[in-house]
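A quick write-up on the structure given underneath.
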Amino acid sequence: MKKVLFIINPTAGKERMKRYLMSVLDLFTKADWDVTVHITQAALDATNVAQKQGADFDMIVCSGGDGTLSETISGMTRLYRPPVLGYIPAGTTNDFASSLQISSNTMKAAQTVIDGHPQPVDIGFFCEERTFVYVAAFGAFTEVSYMTPQEKKNLLGHQAYMLEGVKSLTNLKSYTMTVESDEMTLEGDFIFGMVTNTISVGGFKGLVASNVRLDDGLFEVLLIRTPKTPMELTNILSSMILKEEQSEYVYRFKTSRLTIHAEEPVDWVLDGEFGGAKTDVEIVNLQKRISIISGIKEIAADR
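Residue numbers (numbering that gives the first Met the number 0): 0 to 302.
Right, dumping it as structure tokens:
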């Protein structure tokens with residue numbers, strides 16, 4: 000009998016798991032699984048329980064949004080031999096579930112946990128103190144995810160992010176930075192940057208580079224310089240719409256390690272949660288650090 004730790008965030012999305020919990024547990028029991036349920040009580044609770052109890056189980060399953068997934072994986076990375084992870088998405092955008100082709104339908108996702116295939120995925124290590132699963136970002140609109148109240152997310156869903164994003168248009172800030180990787184060095188003023196391991200961010204696929212693989216040891220990096228004229232802003236938007244790999248204002252590249260020095264503290268967002276204000280940042284790719292049950296046999300190739 001497989002021992003499973005089931006970590007649930009009951010407030011994620013529109014409290015979806017509350018409606019399906021008994022059906023999901025019945026499905027797991029029929030699969031001959033011995034399930035221990037933990038309902039998260041506060042921020043970082045998923046991290047703590049995964050770290051303290053995870054080694055005693057054959058599998059950890061978590062249900063919640065991207066933040067719950069990120070917290071759970073953060074705890075698992077601290078284990079010497081972390082168990083395999085199953086994921087039942089129940090959030091508003093569920094970006095990483097989209098990358099793994101895990102259904103947004105609760106019961107289908109639960110069945111995928113039972114029948115799916117373990118896939119190794121890369122994890123980001125941020126400033127030698129925190130991990131992230133699919134995105135570390137700064138600048139324009141990044142505060143929307145963690146400043147949007149959970150109640151508004153539950154009521155309006157994806158529209159809540161759009162409403163908060165419109166508010167932030169009047170408060171765009173520029174950051175003077177030096178960005179270094181093995182591939183290139185950039186200096187100047189930037190309004191946005193993100194380091195990702197996903198095909199979708201905020202529900203949008205167009206922001207991320209093509210040919211994303213979740214287990215190749217490489218991040219996809221996007222940096223946008225500060226426009227100084229309306230024409231420069233037009234060129235940036237054009238570059239983004241056309242998905243140009245490189246332009247005078249928009250930089251896209253892949254790397255396994257990145258360091259950033261800013262002249263003033265910059266607010267960072269990790270998987271939709273506030274990651275701290277930093278002047279110096281190092282981001283390292285931990286290749287194939289965690290295995291997650293996916294509905295596909297080969298991860299996100301040539302998208």
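All residues carry an ideal CB built from backbone N, CA and C; glycine is no exception.
Since we're looking at a predicted model, the values are computed, not measured.
Determine the closest residue to residue i out of the options, with distance taken between C-alpha atoms.
i: G271; options: L68, L20 and F124; result: L68
i: G63; options: M16, L99, L84 and W32; result: M16
i: Y250; options: E182, I291 and G275; result: E182
i: D25; options: H37, V83, M0 and A109; result: A109
i: I87; options: L78, L99, Y79 and R80; result: L99
i: L171; options: V200, K227, S199 and G12; result: K227
i: T35; options: G85, V3, V200 and I282; result: V3
i: G53; options: L285, I6 and L185; result: I6
i: E219; options: V134, N104, Y19 and A96; result: V134
i: S180; options: E281, L78 and V23; result: E281
i: G274; options: A42, F125 and Q286; result: F125
i: T28; options: G123, G85, D266 and I113; result: I113
i: V283; options: F191, G123, L185 and W267; result: G123
i: M106; options: I295, P264 and M21; result: M21
i: G115; options: L78, V60 and V200; result: V60
i: L78; options: F95, G85 and F56; result: F56
Is it right to say residue i is buried, meaning 16 or more other beta carbons lie within 10 angstroms of its own, or is it exposed?
i: T195; result: buried
i: N8; result: buried
i: D65; result: buried
i: P117; result: exposed
i: N93; result: buried
i: A276; result: exposed
i: A89; result: buried
i: T111; result: buried
i: E14; result: exposed
i: T91; result: buried
i: A42; result: exposed
i: P81; result: buried
For residue i, which residues of its own chain have a beta-carbon under 7 Å away from its beta-carbon, when the five flanking residues on both sides are left out?
i: R224; result: G187, D188, F189 and Y248
i: R231; result: It is Glu, not Arg, that sits at residue 231 in the sequence shown. Excluding residues within five positions, the ones whose Cβ falls inside 7 Å are Y248.
i: V83; result: M58, P117, S290 and I292
i: N104; result: none
i: N47; result: G74
i: Y19; result: T105 and M106
So residue i is in the beta strand (DSSP E); what residue range does that whole segment cover?
i: S173; result: Run containing S173: none; DSSP gives neither H nor E here.
i: A135; result: V134 to G138
i: V249; result: V249 to T254
i: D57; result: That residue, D57, is in no beta strand (DSSP E); it is neither H nor E in DSSP.
i: D188; result: T184 to T195
i: K107; result: It is not in any beta strand (DSSP E) - K107 instead sits in the alpha helix (DSSP H) that spans T105 to D114.
i: K2; result: K1 to I7
i: I198; result: Counting along the chain, I198 falls outside any beta strand (DSSP E), and DSSP gives it neither H nor E.
Can you give me the Cβ contacts of residue i inside the same chain, cut-off strictly under 6 Å, excluding the 5 residues immediately before and after it?
i: T39; result: N8 and A45
i: L221; result: M193 and R251
i: L217; result: K253 and S255
i: L162; result: Residue placement at L162 cannot be trusted, given a pLDDT of 40 that sits under 50; what the coordinates show is reported in the next sentence. Once the five neighbours on either side are set aside, L162 has no close Cβ partner at all.
i: K102; result: Reading off the sequence, residue 102 comes out as Ser, not Lys. Excluding residues within five positions, the ones whose Cβ falls inside 6 Å are A108.
i: A139; result: L171, I190 and F191
i: I295; result: Q100
Could you check where the alpha helix (DSSP H) with residue i kicks off and where it finishes?
i: I72; result: D65 to M75
i: R18; result: R15 to K29
i: I291; result: I291 -> not in any alpha helix (DSSP H); beta strand (DSSP E) instead, spanning E272 to S293.
i: T46; result: D44 to Q52
i: A89; result: No alpha helix (DSSP H) contains A89, which DSSP labels as neither H nor E.
i: T35; result: No alpha helix (DSSP H) holds T35; the beta strand (DSSP E) holding it covers W32 to I38.
For residue i, which residues in the same chain have their Cβ closer than 8 Å to its Cβ, ignoring the five residues on either side in sequence?
i: M0; result: D31, W32 and D33
i: D214; result: Q118, P119, V120, D121, Q286, K287 and I298
i: T184; result: T177 and V178
- Query: Taking three-plus beta-carbon pairs below 8 Å as touching, is the segment 126-135 in contact with the segment 66-83?
  - Reply: Yes, since at least three Cβ pairs between the segment 126-135 and the segment 66-83 fall closer than 8 Å, the two stretches touch.
- Task: Inspect the CB distances between the segment 171-182 and the segment 259-270 and report whether three or more fall short of 8 Å.
- Result: Contact holds: three or more Cβ-Cβ distances are below 8 Å.
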